[in-house]
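These notes concern the structure reproduced below.
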Amino acid sequence: MATEFAHPLFRSVGRGLAQKCPACGQGRLFGRYLKVEPNCRRCEHDLSVYRADDGPAYLTILLVGHLVVAPLLLFPVVWEASPLVVLPIVLGWLTLVTLTVLPRIKGGWIGLMYSLQVTDRDDRLHAADAAD
Ligand SMILES: [Zn+2]
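For the sequence shown, the numbering used here begins at 14 and goes up steadily by one.
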């Protein structure tokens, strides 16, 4: 079964990664740090139907863990220097990277949901609940 995209995948995800409305690419996606605008101020597209939930947080942890933490452990200075010096520096950088990446991942996630037309009203999301 092939996946059908209601809207172009890369354009929608790219607009989301840029934290713009996936429909028009002009309006802001977030009103505050991670708070999605209920409607796009440019095209009035209803953005409140795309509930990202915990997906962006899991993906951010996965990416930061594999692309930042794992390579960081290859540097001997991390193991040889005093933990009192290394931990504040490493944890500070990890916090900064995570907080910088998270809204972009969430935007891309919402762009993916827009492309697939997965909304909070989609019966496919609730199929597992119905099986219980
Ligand atoms: Zn828009």
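A virtual CB, placed ideally from N, CA and C, is assigned to each residue, including glycine.
For the region 117-124 and the region 72-92, state whether three or more C-beta atom pairs, one from each stretch, are separated by less than 8 Å. Flag = yes, the region 117-124 and the region 72-92 touch.
Kindly examine ligand 1 and report whether one of its heavy atoms sits closer than 7 Å to the Cβ of Arg24. Not so, every heavy atom of ligand 1 lies at least 7 Å from the Cβ.
Going by other Cβ atoms of all chains shown within 10 Å of its Cβ, with 16 needed for buried, is Trp92 buried or exposed? Taking all protein chains in view, the Cβ of Trp92 is surrounded by fewer than 16 other Cβ atoms within 10 Å, so the residue is classified as exposed.
Could you tell me which uninterrupted alpha helix (DSSP H) segments, each at least 4 residues in length, are contained entirely in the region 25-112, listed from first to last along the chain? Uninterrupted alpha helix (DSSP H) stretches at least 4 residues long and entirely within the region 25-112 occur at 68-77, 89-93, given in chain order.
Is there at least one non-hydrogen atom of ligand 1 closer than 7 Å to the beta-carbon of His79? Because no heavy atom of ligand 1 lies under 7 Å away, the Cβ of His79 does not count as near it: no.
Pro21 (DSSP reduced to helix, strand or coil): Note: Pro21 maps to coil in three-state DSSP.
Can you tell me whether Gly68 sits near ligand 1, meaning its C-beta is under 7 Å from at least one heavy atom of the ligand? Remark: the C-beta of Gly68 is outside contact range of ligand 1, defined as less than 7 Å to any heavy atom.
Helix, strand or coil at Val131 according to DSSP, with G and I counted as helix: Secondary structure at Val131: coil, using DSSP grouped into helix, strand and coil.
Short Cβ contact (8 Å threshold) for Pro35 with Arg45: No. Outside cutoff.
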